[in-house]
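K.L.:
Before I ask anything, here is the structure I am working with.
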Amino acid sequence: MDEEEVRKTPSTHEVGMVLDAISEEELQSRIGLLEREIARLKAAIEARRKTRSDAENFFKF
Numbered sequence: 001m002d003e004e005e006v007r008k009t010p011s012t013h014e015v016g017m018v019l020d021a022i023s024e025e026e027l028q029s030r031i032g033l034l035e036r037e038i039a040r041l042k043a044a045i046e047a048r049r050k051t052r053s054d055a056e057n058f059f060k061f
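The opening position of the sequence shown corresponds to residue 1 in this note's numbering, with each subsequent residue numbered one higher.
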């Protein structure tokens with residue numbers, strides 16, 4: 001990433017924040033950020049489900 005891309009990439013987004021002063025490009029960047037975060041959260045949920053399932057299967061009599 002070059003310096004300009006780093007400046008344009010949001011590092012955070014606050015849910016419910018005012019969006020009036022944010023450009024369309026910035027909004028698209030934030031959507032990408034949030035989509036990546038959603039994917040990360042879904043992966044964490046799936047990992048926990050697998051761990052739980054493995055533990056339940058291990059302790060079945």
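Idealized CB from N, CA, C, for every residue including glycine.
(1) Tell me the rounded alpha-carbon separation between residue 32 and residue 56.
(2) Which residue comes first and which comes last in the alpha helix (DSSP H) that contains residue 14?
(3) What is the rounded straight-line gap between the Cα of residue 18 and the Cα of residue 54?
P.N.:
The structure says:
(1) Straight-line Cα distance between these residues: approximately 36 Å.
(2) No alpha helix (DSSP H) contains residue 14, which DSSP labels as neither H nor E.
(3) C-alpha separation (whole angstroms): 44 Å.
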